[in-house]
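To start, the structure under review is shown below, and the notes come after it.
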Amino acid sequence: MDQDSAIEILAALAHPTRLSTFRLLVRHEPNGLSTGELADALALSQSTFSTHLAVLAKAGLVQSDKQGRHFIQRVRIDALRDLMTFLAKDCCQGRAELCEPLVAELTTCC
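Put into structure tokens, the structure is as follows:
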């Protein structure tokens, strides 16, 4: 990941509705949620929500799959992994023991 891609992703997440959407979708991986379920969960109209969803999709954070009459939204876990790796790549100046608390937090969260 390059700096421009990271900035685009961070900008997409820098809004309460989009961050809440992303976090909700992470919790529902790998099945995802329909667009209607997401809008309902966030108490937003479909038109307002679709604008936020478009920003997340443009940044490469979510993908949409049609299942019957519904569009199922899913997080692109690879984009999340790439962003986290980009942000932590130079962590602790190569001293792995300094990053152990971060790694422990990530591996015990789920």
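Residue numbers (the numbering used here): 186 to 295.
For each residue, glycine too, the CB sits at the ideal point set by N, CA and C.
Keep in mind the model is a prediction, meaning the values are calculated, not measured.
When burial is assigned at 16 or more other CB atoms within 10 Å of the CB, is Leu195 buried or exposed? exposed
Closest Cα partner of Met186 within the set Ala273, Gly217 and Arg280: Ala273
Indicate whether Glu222 and Ile262 have their beta-carbon atoms separated by less than 9 Å. no
Quick check on this structure: which residue in Lys251, Val260 and His255 has the alpha carbon closest to the alpha carbon of Leu204? Val260
If distances are taken between C-alpha atoms only, which option among Thr206, Val240, Arg212 and Pro286 comes closest to Asp225? Thr206
CA-to-CA distance, Ala239 to Gln188, given in whole angstroms: The straight-line gap from Cα to Cα measures roughly 21 Å.
Assuming the contact rule is C-beta atoms closer than 8 Å, Ala197 and Leu268 should be a hit. Round their C-beta distance to whole Å, please. Contact doesn't hold; Cβ gap of about 11 Å is too wide.
If you compare alpha carbons, which of Ala244, Glu282 and Ser230 is closest to Ser190? Ala244
In whole angstroms, what separates the C-alpha of Ser232 from that of Thr220? Cα atoms of Ser232 and Thr220: separation of roughly 11 Å, rounded to the nearest angstrom.
For Lys251, does the three-state DSSP call read helix, strand or coil? strand
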